[in-house]
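Novice: Before I ask anything, here is the structure I am working with.
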Amino acid sequence: MEKKPHIKVYSTPMCPYCYTLKEFLKENGFEFEDIDVSKDKKSLDEMVEKSGQMGVPVIEIDGEIIMGFDKEKICKKLKISE
Amino acid sequence: MLYELIIIGGGPAAITAGIYAARKKVKTLLICADWGGQMAYAPDIENYPGFEKITGIELVNKFKQHLKNYPIEILEHIRVEKIETISGDNPIFKIRTLKGEEFQTRAVIVATGKVPRKLNIPKEEEFIGKGISFCAICDAPLYKDKVVAVIGGGNSGCDSSLLLSQYAKKIYILQFGPNLTCDVSTREKIRENKKIQVITNAQVKEIYGDKFIKGVKYQDRTSKEIKNLDIDGLFIAIGSLPASHPIKEMIKLNEDGEIIIDKNNMTSQKGIFAAGDVTDVCFKQIIIAAGEGAKAALSVCKYLGK
Numbered sequence: 008m009e010k011k012p013h014i015k016v017y018s019t020p021m022c023p024y025c026y027t028l029k030e031f032l033k034e035n036g037f038e039f040e041d042i043d044v045s046k047d048k049k050s051l052d053e054m055v056e057k058s059g060q061m062g063v064p065v066i067e068i069d070g071e072i073i074m075g076f077d078k079e080k081i082c083k084k085l086k087i088s089e
Numbered sequence: 006m007l008y009e010l011i012i013i014g015g016g017p018a019a020i021t022a023g024i025y026a027a028r029k030k031v032k033t034l035l036i037c038a039d040w041g042g043q044m045a046y047a048p049d050i051e052n053y054p055g056f057e058k059i060t061g062i063e064l065v066n067k068f069k070q071h072l073k074n075y076p077i078e079i080l081e082h083i084r085v086e087k088i089e090t091i092s093g094d095n096p097i098f099k100i101r102t103l104k105g106e107e108f109q110t111r112a113v114i115v116a117t118g119k120v121p122r123k124l125n126i127p128k129e130e131e132f133i134g135k136g137i138s139f140c141a142i143c144d145a146p147l148y149k150d151k152v153v154a155v156i157g158g159g160n161s162g163c164d165s166s167l168l169l170s171q172y173a174k175k176i177y178i179l180q181f182g183p184n185l186t187c188d189v190s191t192r193e194k195i196r197e198n199k200k201i202q203v204i205t206n207a208q209v210k211e212i213y214g215d216k217f218i219k220g221v222k223y224q225d226r227t228s229k230e231i232k233n234l235d236i237d238g239l240f241i242a243i244g245s246l247p248a249s250h251p252i253k254e255m256i257k258l259n260e261d262g263e264i265i266i267d268k269n270n271m272t273s274q275k276g277i278f279a280a281g282d283v284t285d286v287c288f289k290q291i292i293i294a295a296g297e298g299a300k301a302a303l304s305v306c307k308y309l310g311k
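In the order they appear, the protein sequences are chains F and P. The numbering of the first sequence is this note's numbering, which starts it at 8 and goes up by one. The numbering of the second sequence is this note's numbering, which starts it at 6 and goes up by one.
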């Protein structure tokens with residue numbers, strides 16, 4: 008059985024793309040760690056360090072960082088057929 | 006497969022058009038890049054009838070859920086690359102997406118809304134995501150106890166500044182003209198907010214920083230003096246441009262790039278209709294866009310003989 012991917016989503020509460028990304032993951036049956044960087048400075052610093060930038064959302068899939076709701080990259084990484 | 010109608014867009018005009026078309030049993034496909042359009046970026050909406058106060062995202066979800074109650078085909082998170090006419094008197098149109106998929110239809114409603122206007126000054130692209138943001142609702146919480154500037158003193162810039170004041174310790178509004186142009190009620194809130202300082206007659210000339218933004222140089226348009234403003238973040242809210250590029254070669258646009266429509270939302274090309282902020286409708290509001298979407302769909306029904 009294929010191992011489940013380890014997914015972290017860095018987001019802020021009212022960001023539309025963050026919401027869209029999280030809904031997309033849920034609709035496709037993926038669990039993820041939902042990190043609100045507005046409440047947690049350590050996580051914000053971690054996100055900036057890993058992604059080299061300050062925009063949200065940032066998704067980390069098995070260590071790979073993808074910025075924004077880049078559907079094509081995310082589908083490829085998670086093997087979701089578009 | 007030949008659709009009767011393809012709607013391009015995911016905002017209030019497109020969604021309302023979709024609801025009306027579906028209820029009239031028009032064979033419809035809706036292609037949207039992003040749900041909600043500009044509405045998704047509004048922190049609080051207080052002028053959509055029926056909702057005294059609702060966030061942009063909540064209203065988008067209500068619109069979306071309402072649409073999905075109907076048996077309408079939807080392609081989401083997909084951008085349209087081009088629209089072409091493939092036959093003459095009773096035209097058929099071909100829509101191509103950026104992924105290369107093609108669809109044919111008898112009628113089109115273009116409801117693609119607007120995209121944020123950029124400053125188009127040196128280093129702007131370089132610092133997007135590195136201190137420059139076009140989305141206060143997304144990124145304001147990242148600037149807790151920081152100093153930020155907002156370029157733009159209209160409703161969008163002023164609303165962004167008020168939102169930022171919940172997080173940042175200081176907000177500068179850099180307004181090109183001599184006065185703020187936001188609504189009177191907003192202007193009063195800005196005046197009362199001790200964290201916000203308005204700088205008028207300011208034209209931003211340059212952005213500086215290294216890994217992240219450190220500041221902007223702006224010119225005082227009256228004294229011509231160039232001044233430095235050190236900041237941790239910059240939010241750009243200088244208006245928006247109509248997203249008419251997939252169709253601009255086919256139909257008449259006005260000097261602002263907006264699609265010219267008649268009272269039935271028909272463009273200069275028979276069979277292509279448009280609705281919402283991408284058109285030359287006088288006022289750009291959610292309720293107006295929704296109304297225009299309904300009108301466009303009803304006009305399409307008449308055009309199709311339904």
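A virtual CB, placed ideally from N, CA and C, is assigned to each residue, including glycine.
Going along chain P in order, which residues have a C-beta closer than 7 Å to the C-beta of Tyr26 (chain F)?
Specialist: What Tyr26 (chain F) touches in chain P: Ile62.
Novice: Please list the segments of the alpha helix (DSSP H) lying wholly inside the segment 111-159 of chain P, counting only runs of 4 or more residues, in order along the chain.
Specialist: Complete alpha helix (DSSP H) runs here, min 4: 129-132, 141-144.
Novice: So, under 8 Å CB-CB, Arg111 (chain P) and Leu7 (chain P) are touching, yes? Tell me the CB distance rounded to an integer number of Å.
Specialist: So it is a contact: roughly 7 Å between Cβ atoms.
Novice: For Glu40 (chain F), which residues does DSSP report across the bridge?
Specialist: Bridge partners of Glu40 (chain F): F:Lys15.
Novice: Any beta-carbon of chain P closer than 8 Å to the one on Leu51 (chain F)?
Specialist: With 8 Å as the cut-off, Leu51 (chain F) counts as an interface residue toward chain P.
Novice: Starting from Leu168 (chain P), follow its DSSP beta bridges and name the residues at the other end.
Specialist: Answer is none; Leu168 (chain P) lacks a bridge partner.
Novice: Quick one: complete alpha helix (DSSP H) runs, 4+ long, within the segment 57-89 of chain P?
Specialist: Runs of the alpha helix (DSSP H) inside the segment 57-89 of chain P: 61-73.
Novice: Give me whichever residues DSSP pairs with Ile204 (chain P) in a beta bridge.
Specialist: P:Leu179, per the DSSP bridge assignment.
Novice: How far does the beta strand (DSSP E) with Gly220 (chain P) in it extend, from its first residue to its last?
Specialist: Run containing Gly220 (chain P): 218-225, per the beta strand (DSSP E) assignment.
Novice: Taking the alpha-carbon positions, what's the Lys300 (chain P) to Lys67 (chain P) distance?
Specialist: Distance between the alpha carbons of Lys300 (chain P) and Lys67 (chain P): 20 Å.
Novice: Are the beta-carbon atoms of Ile266 (chain P) and Ser249 (chain P) separated by less than 8 Å?
Specialist: Not in contact: Ile266 (chain P) and Ser249 (chain P) (Cβ atoms no closer than 8 Å).
Novice: Thr227 (chain P) to Asn206 (chain P), Cα distance in whole Å?
Specialist: Answer to the nearest angstrom: the Cα atoms are 7 Å apart.
Novice: Could you please give me the residues that DSSP links to Thr272 (chain P) through a beta bridge?
Specialist: DSSP, once it has assigned bridges, lists no residue as partnering Thr272 (chain P).
Novice: Quick one: what does DSSP say Met74 (chain F) is sitting in, helix, strand or coil?
Specialist: Residue state, collapsed to three classes: strand.
Novice: Using 10 angstroms around the beta-carbon of Cys287 (chain P), count the other beta-carbons present and answer buried if the total reaches 16, otherwise exposed.
Specialist: Exposed, since its Cβ has fewer than 16 Cβ neighbours within 10 Å.
Novice: Hey, could you find the ends of the alpha helix (DSSP H) Lys300 (chain P) is sitting in?
Specialist: Where Lys300 (chain P) is concerned, the enclosing alpha helix (DSSP H) stretches over 291-309.
Novice: Assuming the contact rule is C-beta atoms closer than 8 Å, Lys151 (chain P) and Lys135 (chain P) should be a hit. Round their C-beta distance to whole Å, please.
Specialist: Actually they do not touch by this definition, with Cβ atoms about 14 Å apart.
Novice: For the beta strand (DSSP E) containing Gly238 (chain P), name the first residue and the last one.
Specialist: First-last of the beta strand (DSSP E) with Gly238 (chain P): 238-241.
Novice: Determine the contact status of Leu124 (chain P) and Leu80 (chain P), defining contact as a CB-CB distance below 8 Å.
Specialist: Cβ distance not < 8 Å, so Leu124 (chain P) and Leu80 (chain P) don't count as in contact.
Novice: Beta-carbon within less than 6 Å of Lys69 (chain P)'s beta-carbon, same chain only, minus the 5 sequence neighbours each way: which residues are those?
Specialist: Once the five neighbours on either side are set aside, the close Cβ partners of Lys69 (chain P) are Trp40.
Novice: Taking C-beta to C-beta, are Leu85 (chain F) and Ile73 (chain F) nearer than 8 Å?
Specialist: Going by C-beta atoms, Leu85 (chain F) is not nearer than 8 Å to Ile73 (chain F).
Novice: Assuming Gly298 (chain P) and Phe98 (chain P) make a contact with CB atoms under 8 Å, what is their CB distance in whole Å?
Specialist: With 8 Å as the limit, Gly298 (chain P) and Phe98 (chain P) do not qualify as a contact, their Cβ atoms being about 19 Å apart.
Novice: When you compare the CB of Lys222 (chain P) with every CB in chain F, is at least one pair closer than 8 Å?
Specialist: Cβ-Cβ to chain F under 8 Å: no for Lys222 (chain P).
Novice: Are the C-beta of Cys306 (chain P) and some C-beta of chain F separated by less than 8 Å?
Specialist: It does not: the Cβ of Cys306 (chain P) has no partner Cβ on chain F nearer than 8 Å.
Novice: Whose C-alpha, out of P:Ala295, P:Lys311, P:Ile293, P:Gly244, is nearest the C-alpha of Ala119 (chain P)?
Specialist: Checking the displayed sequence, the identity of residue 119 (chain P) turns out to be Lys instead of Ala. Among P:Ala295, P:Lys311, P:Ile293, P:Gly244, the Cα nearest to that of Lys119 (chain P) is on P:Gly244.
Novice: Does the distance from the CB of Val221 (chain P) to the CB of Ile236 (chain P) come in under 8 Å?
Specialist: Going by C-beta atoms, Val221 (chain P) is nearer than 8 Å to Ile236 (chain P).
Novice: Just verifying my parser: in three-state terms, what is the DSSP assignment at Lys210 (chain P)?
Specialist: Lys210 (chain P) falls in the strand class under three-state DSSP.
Novice: When you compare the CB of Ser45 (chain F) with every CB in chain P, is at least one pair closer than 8 Å?
Specialist: Chain P, which has a Cβ nearer than 8 Å to the Cβ of Ser45 (chain F), makes this yes.
Novice: What does a CB cutoff of less than 6 Å around Ala302 (chain P) pick up in its chain, not counting 5 residues either side in sequence?
Specialist: The residues are Ala22, Tyr25, Ala26.
Novice: Name the two residues that bound the continuous alpha helix (DSSP H) containing Tyr53 (chain P).
Specialist: Tyr53 (chain P) -> no alpha helix (DSSP H), and no H or E assigned at all.
Novice: Compute the Euclidean distance between the alpha carbons of Ile50 (chain P) and Lys10 (chain F), then round it to the nearest angstrom.
Specialist: Going from the Cα of Ile50 (chain P) to the Cα of Lys10 (chain F) covers about 43 Å.
Novice: So if I threshold CB-CB distances at 9 Å, which residues from the segment 116-136 of chain P count as touching chain F?
Specialist: Answer in chain order: Ile133, Gly134, Lys135, Gly136.
Novice: Compare the beta carbon distance of Ile83 (chain P) and Val209 (chain P) with 8 Å and say whether it is the shorter of the two.
Specialist: No, the pair does not count as a contact, with Cβ atoms beyond the cut-off.
Novice: Under the assumption that Ile178 (chain P) contacts Gly158 (chain P) (Cβ atoms under 8 Å), give the Cβ distance between them as a whole number of angstroms.
Specialist: About 5 Å; that satisfies the 8 Å criterion.
Novice: What does Glu107 (chain P) pair with, by DSSP beta-bridge criteria?
Specialist: The partner list for Glu107 (chain P) (beta bridge, DSSP) reads P:Arg101.
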